[in-house]
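Report on the following structure.
Protein chains: 2
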Amino acid sequence: MEQILPHLDSVFSIDCVLFGFDGKELKILLIERNEEPFKDWWALPGNIVGPDESLDQSASRILYELTGLRGIYMEQYYAFGDPNRHPQGRVITLAYYALIRLGGDKELRPISTYAKRASWLPITDLPKLAFDHQKIYDKGLEKIKRRIKHQPIAFELLPEKFTLTQLQHVYELVLGKKLDKRNFRKKIVSFGVLKELDEKQKGVSYRAATLYRFDKRKYAKLFGKEISF
Amino acid sequence: MEQILPHLDSVFSIDCVLFGFDGKELKILLIERNEEPFKDWWALPGNIVGPDESLDQSASRILYELTGLRGIYMEQYYAFGDPNRHPQGRVITLAYYALIRLGGDKELRPISTYAKRASWLPITDLPKLAFDHQKIYDKGLEKIKRRIKHQPIAFELLPEKFTLTQLQHVYELVLGKKLDKRNFRKKIVSFGVLKELDEKQKGVSYRAATLYRFDKRKYAKLFGKEISF
DNA sequence: TTACTTAGTGTAAAAATTACACACTATATT
DNA sequence: AATATAGTGTGTAATTTTTACACTAAGTAA
Chain A
176 MEQILPHLDS
186 VFSIDCVLFG
196 FDGKELKILL
206 IERNEEPFKD
216 WWALPGNIVG
226 PDESLDQSAS
236 RILYELTGLR
246 GIYMEQYYAF
256 GDPNRHPQGR
266 VITLAYYALI
276 RLGGDKELRP
286 ISTYAKRASW
296 LPITDLPKLA
306 FDHQKIYDKG
316 LEKIKRRIKH
326 QPIAFELLPE
336 KFTLTQLQHV
346 YELVLGKKLD
356 KRNFRKKIVS
366 FGVLKELDEK
376 QKGVSYRAAT
386 LYRFDKRKYA
396 KLFGKEISF
Chain B
176 MEQILPHLDS
186 VFSIDCVLFG
196 FDGKELKILL
206 IERNEEPFKD
216 WWALPGNIVG
226 PDESLDQSAS
236 RILYELTGLR
246 GIYMEQYYAF
256 GDPNRHPQGR
266 VITLAYYALI
276 RLGGDKELRP
286 ISTYAKRASW
296 LPITDLPKLA
306 FDHQKIYDKG
316 LEKIKRRIKH
326 QPIAFELLPE
336 KFTLTQLQHV
346 YELVLGKKLD
356 KRNFRKKIVS
366 FGVLKELDEK
376 QKGVSYRAAT
386 LYRFDKRKYA
396 KLFGKEISF
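Residue numbers (our numbering), protein chains in the order written: chain A, 176 to 404; chain B, 176 to 404.
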């Protein structure tokens with residue numbers, strides 16, 4: 176129904192599960208709340224949707240305000256609207272996840288007043304979360320597990336140039352299980368969306384691996400044919 | 176972010192793509208609007224989320240008010256919130272799809288004032304839709320196409336007892352392509368979630384087919400193992 | 001030079017997918 | 001009673017995909 180109606184006393188927000196990969200671990204960005212309710216608890220970053228913002232813009236803004244990053248891959252995945260999910264009123268929230276390559280350490284920016292601080296925490300060891308944020312996170316992880324099997328999202332977590340071992344590592348962390356090296360390589364190469372570079376990994380104290388790049392052009396040509404992991 | 180905030184002048188609604196299957200065609204339920212904007216246009220049924228309703232409850236209510244049906248499979252799938260999607264103000268809408276077995280003809284109930292009438296229209300021949308409802312429908316169809324490959328949702332569109340040909344027909348309509356009869360049967364039976372009944376189809380003027388039932392118990396046991404079409 | 005660490009590679013067996021055609025059965029028609 | 005009709009139900013061989021599995025090569029560090 177789309178007619179104009181008296182407005183209701185509800186608030187519409189966006190919460191984000193920002194997945195980051197630093198080459199070792201899969202992490203998410205959490206903020207430590209400085210306000211009631213759930214003061215001192217960890218929570219997913221979020222905000223109210225502004226009156227002239229699209230939903231995607233709003234999600235990008237939240238991410239930008241925390242990290243200073245733009246142009247990050249984000250995807251809306253579920254709306255949570257239980258009438259009691261917020262102790263102080265009706266707040267319907269739309270969840271987004273983002274996939275971020277973590278580079279140096281200076282990803283974080285000064286934080287707004289409602290949070291004390293923000294940190295990247297490994298998903299293997301998360302604290303208790305405020306509100307229904309555990310549920311939101313769980314569903315987000317489930318979504319990327321599913322999506323990584325069909326869409327080339329793993330590359331969003333890696334630097335532009337990466338080794339096959341790094342790529343496999345991302346798949347293993349997201350899927351939560353070990354994969355066979357030879358079979359992984361065979362399959363991922365067979366999709367034909369990787370470009371092998373003439374370059375090698377640097378700064379490692381062992382044999383350097385060949386670098387690859389995700390080839391968006393080739394991927395675009397494949398469209399219709401689904402990747403299937 | 177989850178603090179209490181001044182409320183914003185936005186409205187939160189739910190729109191539903193109600194897919195129905197009558198044994199022949201895949202249809203959706205559309206209403207013909209009786210109010211501006213988009214008076215006389217066809218639109219997806221929808222409504223405002225009530226203050227004490229969960230999102231799922233709200234979707235179920237919309238469906239119930241139109242069809243009198245309860246206990247129907249519904250799934251939330253995407254939020255649409257472009258600031259300009261509604262000409263008269265900010266309306267963020269959450270899309271649900273439902274899967275309904277259409278029985279006799281008397282599925283529809285009297286309609287609220289904002290609509291002239293409601294009809295089941297075949298998806299192969301849809302009219303122009305109001306607002307961004309074409310986009311909402313497109314995404315809904317895309318979702319069920321994807322989901323029918325991994326989850327046992329086809330059964331929601333069929334009567335409790337059905338033939339394998341009917342089941343194949345549902346898959347073909349949703350996926351939009353023909354499937355091989357023998358291969359389809361082999362695969363669907365191999366999942367082990369169908370129970371073959373001792374009963375035959377009735378009222379057909381040719382050899383009657385064996386009836387099957389979806390076996391929820393067996394399916395529950397399989398959990399973890401994904402169906403893959 | 002040696003020890004260490006990760007890179008990179010092939011094959012055979014098993015399983016899944018595809019392509020494909022005809023005889024059977026129930027009913028309706030004459 | 002015979003025949004036409006329309007959809008049911010079934011098997012196999014070829015191909016492709018998936019799986020399981022272990023060693024040598026290359027580079028660095030000591």
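Note that CB positions come from ideal geometry on N, CA and C, so glycine has one too.
Practice item. List the residues of chain B that Arg-236 (chain A) touches, going by C-beta distances under 8 Å, in chain order. Key: Taking a Cβ-Cβ cut-off of 8 Å, Arg-236 (chain A) has no neighbours in chain B, whose nearest Cβ is about 11 Å from it.
Point to revise | Counterpart residues of Ser-185 (chain B) in DSSP-defined beta bridges | key: BP columns for Ser-185 (chain B) point to B:Arg-265.
Check your understanding: Can you give the Cα-Cα distance for Phe-194 (chain A) and Tyr-312 (chain A), rounded to whole angstroms?
Key -> Using only the alpha carbons, I get a separation of about 10 Å.
Check your understanding: Quick one: is Asn-259 (chain A) buried, meaning 16 or more other Cβ sit within 10 Å of its Cβ, or exposed?
Key -> Per the 10 Å Cβ criterion, exposed.
Review point. Is any beta-carbon of chain A found at less than 8 Å from that of Leu-316 (chain B)?
Key: Output row for Leu-316 (chain B): interface = no.
Check your understanding: Can you list, in chain order, the residues of the segment 328-343 of chain B whose Cβ is nearer than 7 Å to any Cβ on chain A?
Key -> Residues of the segment 328-343 of chain B that bring their beta carbon within less than 7 Å of a beta carbon in chain A are absent altogether.
Exercise for review: Give, in chain order, every residue of the segment 278-301 of chain A whose Cβ lies closer than 9 Å to some Cβ of chain B.
Suggested key: Close to chain B, meaning a Cβ-Cβ distance shorter than 9 Å, are the following residues of the segment 278-301 of chain A: Ser-287, Tyr-289 and Ala-290.
Review point. Going along chain B in order, which residues have a C-beta closer than 8 Å to the C-beta of Ser-365 (chain A)?
Key: In chain order: nothing, as chain B lies at least about 18 Å away.
**Study point:** For Glu-371 (chain A), three-class secondary structure by DSSP
**Key:** Three-state result, Glu-371 (chain A): strand.
Review point. Between which two residues does the alpha helix (DSSP H) harbouring Thr-242 (chain A) extend?
Key: Start and end: 230-242.
Practice item. Determine the chain B residues that contact Phe-187 (chain A) at a beta-carbon separation under 7 Å, and present them in chain order. Key: Neighbourhood of Phe-187 (chain A) in chain B, by CB distance below 7 Å: Ser-185, Phe-187 and Ile-267, in chain order.
Practice item. Locate the beta strand (DSSP E) running through Arg-388 (chain B), then write down its first and last residues. Key: Per DSSP, the continuous beta strand (DSSP E) segment holding Arg-388 (chain B) begins and ends at 385-389.
Exercise for review: Return the first residue and the last residue of the beta strand (DSSP E) that Glu-424 (chain A) is part of.
Suggested key: Outside the displayed range of chain A (176 to 404) lies residue 424 (chain A), so it cannot be described from this structure.
Exercise for review: Specify the secondary structure class of Asp-313 (chain B) as computed by DSSP and reduced to three states.
Suggested key: Looking at Asp-313 (chain B) - three-state DSSP - the assignment turns out to be helix.
Review point. In the segment 203-232 of chain B, which residue ranges form an unbroken beta strand (DSSP E) of at least 3 residues, counting only runs that do not cross its ends?
Key: Unbroken beta strand (DSSP E) stretches of 3 residues or longer found wholly inside the segment 203-232 of chain B: 221-223, given in chain order.
Practice item. Compare the beta carbon distance of Tyr-253 (chain A) and Lys-324 (chain A) with 8 Å and say whether it is the shorter of the two. Key: Judged by their CB atoms, Tyr-253 (chain A) and Lys-324 (chain A) are not nearer to each other than the 8 Å cut-off.
Check your understanding: When you compare each of B:Gly-264, B:Pro-297, B:Leu-304 and B:Leu-230 to Leu-269 (chain A) by their alpha carbons, which one comes out closest?
Key -> The residue among B:Gly-264, B:Pro-297, B:Leu-304 and B:Leu-230 with its C-alpha nearest the C-alpha of Leu-269 (chain A) is B:Leu-230.
Review point. In chain A, which residues lie less than 9 Å from Ala-273 (chain B) when you measure between Cβ atoms?
Key: Ordered by position in chain A, no residue passes the 9 Å Cβ test against Ala-273 (chain B), which lies about 16 Å from the chain.
Point to revise | When A:Asn-209, A:Phe-255, A:Phe-213 and A:Trp-295 are compared against Leu-241 (chain A), the one with the closest alpha-carbon | key: Of the listed residues, the one whose Cα sits closest to Leu-241 (chain A) is A:Trp-295.
Check your understanding: With a CB to CB cut of under 8 Å and the five nearest residues on each side skipped, what residues in its chain are close to Asp-307 (chain A)?
Key -> If you ignore the 5 residues before and after Asp-307 (chain A), its C-beta comes within less than 8 Å of the C-beta of Phe-255, Asp-257 and Arg-260, all in its own chain and listed in chain order.
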